[in-house]
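One structure is given below, encoded as structure tokens.
Numbering (the numbering used here), first residue to last: 2 to 382.
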């Protein structure tokens, strides 16, 4: 799993050995340069496993920011599931939910920026064989066979926050994308993401590549340059192919923009899209059968930590959704149906994501949302 590091051999300079010394010095320099491109020495795992003995220097695997636990692969029985986390403070209960479904196997974190901070955090939440973070910030790394192999061998995958346009730019159309889809569709391991990592899990997804759009901007001009939505050309998460996700939902007042996203998808592609939106400190956990519960730390003194399930109707096209003009999507004050569930530490409410059947929703409240002249309106059903 790890490769020996390059060892520098000092030379002793004597007049008759100058050419040999130059040769050795250049060889050492080339060795060090080669090492620097594939990684640096990694510390021994926290539990002492996976090392190669005292005094031996090993190189990190490509893209690896570090690993805790045993670097030797294990095969565990997994149970499928997905976590759509809304950003901000991570939800401990959602990670425990994923760990339970991982069988205690190998956990892999992928990101394009940031550190290995998830390694000790996740390792502290349950019993797993290892936790490793891969920083995949180029097409070359995303097409690296070892990187793809590490992902495919994972029993749990989590996509960190950052910028979803980076994930598109670096991972789309690569071996990394194929490895993620293998976990989602064949191995059926638990896969989750937060913030930008959650944004790319929908079959329909907003890229943010031209800067993040606000609700006010989107409602006033549904075709502004900052709205770029894509249709099923990236990840293939079960039950989410006609779903677009949104994050930081109430904290950043994103209800209006998700209404615009859904309206655009309905008009442009004739798809009655669904929206699953999570606030910060909130995670929608979807089991292998598509049954979702909402985990987080909602309380009456902090009126956030909600998740929203938004349902559109092909028979209810927006009355006006045009470039340069405010959104009008009224339909008698019933443009879209919205189910709101407050999070709880043990999982709040219930929603069937496999069919979005209104009659199966429990523990929350139904609303109607609509827009008049670029203004969002809400009414409890």
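A virtual CB, placed ideally from N, CA and C, is assigned to each residue, including glycine.
- Item | Whole-number beta carbon distance between residue 230 and residue 265, since they are thought to touch under 8 Å | On the chain shown, position 264 is the one that residue 265 refers to. On the chain shown, position 229 is the one that residue 230 refers to. Confirmed, about 6 Å.
- Message: Tell me which residues share the same chain as residue 57 and place their Cβ nearer than 6 Å to its Cβ, disregarding the 5 neighbours each side in the sequence.
- Response: Against the chain shown, residue 57 aligns to sequence position 56. In this prediction, residue 57 scores a pLDDT of 34, lower than 50, which makes its location untrustworthy; no coordinate-derived value is stated.
- Message: For residue 147 and residue 291, I'd like the C-alpha separation in whole angstroms.
- Response: Taking the first residue of the chain shown as 1, we reach residue 147 at position 146. Taking the first residue of the chain shown as 1, we reach residue 291 at position 290. About 32 Å.
- Hey, quick one: how far does the alpha helix (DSSP H) through residue 121 stretch, first residue to last? Residue numbering aside, residue 121 sits at position 120 when the chain shown is read from its first letter. Annotation: the continuous alpha helix (DSSP H) that includes residue 121 extends over 119-124.
- Task: Locate the beta strand (DSSP E) running through residue 258, then write down its first and last residues.
- Result: Translated into positions along the chain shown, residue 258 becomes position 257. Counting along the chain, no beta strand (DSSP E) covers residue 258; the unbroken alpha helix (DSSP H) around it starts and ends at 256-270.
- Would you check if the stretch 79-91 and the stretch 276-283 touch, i.e. whether three or more CB-CB distances between them fall below 8 Å? Contact between the stretch 276-283 and the stretch 79-91 is present, because at least three Cβ pairs lie under 8 Å.
- Query: Roughly how many angstroms separate the alpha carbons of residue 263 and residue 70, rounded to a whole number?
  - Reply: Working through the chain shown from its first residue, we reach residue 263 at position 262. Working through the chain shown from its first residue, we reach residue 70 at position 69. Answer to the nearest angstrom: the Cα atoms are 43 Å apart.
- Message: Measuring only the C-alpha atoms, how far is residue 376 from residue 253?
- Response: Taking the first residue of the chain shown as 1, we reach residue 376 at position 375. Taking the first residue of the chain shown as 1, we reach residue 253 at position 252. Using only the alpha carbons, I get a separation of about 16 Å.
- Check whether residue 165 and residue 200 have beta carbons under 9 Å apart: Here residue 165 corresponds to residue number 164 of the chain shown, with the count starting at 1. Here residue 200 corresponds to residue number 199 of the chain shown, with the count starting at 1. Taking 9 Å as the Cβ cut-off, residue 165 and residue 200 qualify as a contacting pair.
- CB contact flag (residue 361, residue 353, <9 Å): By one-based count along the chain shown, residue 361 stands at place 360. By one-based count along the chain shown, residue 353 stands at place 352. Result yes, Cβ atoms of residue 361 and residue 353 sit closer than 9 Å.
- Task: Have a look at the DSSP bridge pairing and note the partners of residue 381.
- Result: Walking along the chain shown from the start, residue 381 turns up at place 380. Partner(s): 368.
- Member of 261, 268, 344, 186 whose CA lies at the smallest distance from the CA of residue 221: Position 220 of the chain shown, counted from the first residue, corresponds to residue 221. Of 261, 268, 344, 186, the residue nearest in Cα terms is 261.
- Task: Hey, could you find the ends of the beta strand (DSSP E) residue 107 is sitting in?
- Result: Against the chain shown, residue 107 aligns to sequence position 106. Here the beta strand (DSSP E) through residue 107 covers 107-112.
- Anticipated Cβ contact below 8 Å, residue 136 with residue 64, distance rounded: Residue 136 sits at position 135 when you count from the first residue of the chain shown. Residue 64 sits at position 63 when you count from the first residue of the chain shown. Going by Cβ atoms, the distance from residue 136 to residue 64 rounds to 6 Å, so yes, they are a contact pair.
- Query: For residue 358, does the count of other Cβ atoms within 10 angstroms reach 16, so buried, or fall short, so exposed?
  - Reply: Position 357 of the chain shown, counted from the first residue, corresponds to residue 358. By the neighbour-count rule (16 or more Cβ atoms within 10 Å), residue 358 is not buried but exposed.
- Item | residue 247 - containing beta strand (DSSP E), residue span | If you number the chain shown from 1, residue 247 lands on position 246. Start and end: 244-247.
- Task: Taking residue 157 as the reference, give the member of 77, 339, 313 with the closest Cα.
- Result: Translated into positions along the chain shown, residue 157 becomes position 156. Closest by alpha carbon: 77.
- Grouping DSSP H, G and I as helix and E and B as strand, with all else coil, what is residue 309? In the chain shown, counting from the first residue as 1, residue 309 sits at position 308. Residue state, collapsed to three classes: strand.
- Query: Quick one: what's got a C-beta closer than 7 Å to residue 177's C-beta in the same chain, skipping five residues either side?
  - Reply: Working through the chain shown from its first residue, we reach residue 177 at position 176. Cβ neighbours of residue 177 beyond the five flanking positions: 137, 143, 148, 149, 152.
- Message: By the DSSP assignment, the beta strand (DSSP E) with residue 288 in it spans what residues?
- Response: In the chain shown, counting from the first residue as 1, residue 288 sits at position 287. Unbroken beta strand (DSSP E) run through residue 288: 283-288.
- Task: Please state if the CB of residue 204 and the CB of residue 236 are separated by a distance shorter than 9 Å.
- Result: In the chain shown, the residue the question calls residue 236 occupies position 235. In the chain shown, the residue the question calls residue 204 occupies position 203. Yes. Within cutoff.
- Count the other CB atoms, across all protein chains shown, that sit within 10 Å of the CB of residue 303; report buried if there are 16 or more and exposed otherwise. Translated into positions along the chain shown, residue 303 becomes position 302. Exposed is the call here.
- Boundaries (first-last residue) of the alpha helix (DSSP H) holding residue 235: Here residue 235 refers to the residue found at position 234 of the chain shown. Per DSSP, residue 235 lies in no alpha helix (DSSP H) segment and is marked neither H nor E.
- Task: Measure the alpha-carbon distance for residue 347 versus residue 326 and round it to whole angstroms.
- Result: As a first step, residue 347 is located in the chain shown; it is residue number 346 there, counting from the start. As a first step, residue 326 is located in the chain shown; it is residue number 325 there, counting from the start. Spanning the alpha carbons of residue 347 and residue 326 requires a straight line of approximately 44 Å.
- DSSP-derived helix/strand/coil call for residue 205: Taking the chain shown and counting its residues from 1, one reaches residue 205 at position 204. Reduced to three states, the DSSP call for residue 205 is strand.
- Item | Under 9 Å between C-beta atoms of residue 372 and residue 257 | Looking up residue 372 in the chain shown gives position 371. Looking up residue 257 in the chain shown gives position 256. Yes, these two residues count as a Cβ contact at 9 Å.
- Query: Out of 211, 132, 279, which has the shortest C-alpha to C-alpha gap to residue 305?
  - Reply: Sequence index remark: in the chain shown, residue 305 carries index 304 (1-based). Among 211, 132, 279, the Cα nearest to that of residue 305 belongs to 279.
- Helix, strand or coil: how does DSSP classify residue 91 here? Taking the first residue of the chain shown as position 1, residue 91 is located at position 90. In the three-state scheme derived from DSSP, where H, G and I count as helix and E and B as strand, residue 91 is classed as coil.
- Task: Measure from the alpha carbon of residue 131 to the alpha carbon of each residue in 168, 202, 233, 155, then state which is nearest.
- Result: As a first step, residue 131 is located in the chain shown; it is residue number 130 there, counting from the start. For the residues 168, 202, 233, 155, the minimum Cα distance to residue 131 belongs to 155.
- Counted within 10 angstroms of its Cβ, other Cβ atoms place residue 248 as buried (16 or more) or exposed: The residue labelled residue 248 in the question sits at position 247 within the chain shown. Buried, since its Cβ has 16 or more Cβ neighbours within 10 Å.
- Message: What does the alpha-carbon distance come out to for the pair residue 128 and residue 259?
- Response: Residue numbering aside, residue 128 sits at position 127 when the chain shown is read from its first letter. Residue numbering aside, residue 259 sits at position 258 when the chain shown is read from its first letter. Spanning the alpha carbons of residue 128 and residue 259 requires a straight line of approximately 37 Å.
- Item | Distance, residue 366 Cα to residue 145 Cα | Here the question's residue 145 lines up with position 144 in the chain shown. Here the question's residue 366 lines up with position 365 in the chain shown. Computed Cα separation, rounded: 47 Å.
- CA-CA distance, residue 310 and residue 140? Taking the chain shown and counting its residues from 1, one reaches residue 310 at position 309. Taking the chain shown and counting its residues from 1, one reaches residue 140 at position 139. The C-alpha of residue 140 is placed about 34 Å away from the C-alpha of residue 310.
- Message: Tell me which residue opens and which closes the alpha helix (DSSP H) that residue 148 is part of.
- Response: The count along the chain shown starts at 1 and reaches residue 148 at position 147. Unbroken alpha helix (DSSP H) run through residue 148: 146-153.
- Message: Quick check on DSSP: helix, strand or coil for residue 298?
- Response: Position 297 of the chain shown, counted from the start, is the residue given in the question as residue 298. In the structure shown, residue 298 falls within a coil segment according to DSSP collapsed to helix, strand and coil.
- Query: If residue 324 sits next to residue 224, beta carbons under 8 Å apart, how far is it from one beta carbon to the other, in whole angstroms?
  - Reply: Your numbering for residue 324 matches position 323 in the chain shown. Your numbering for residue 224 matches position 223 in the chain shown. Indeed they touch by this definition, with Cβ atoms about 4 Å apart.
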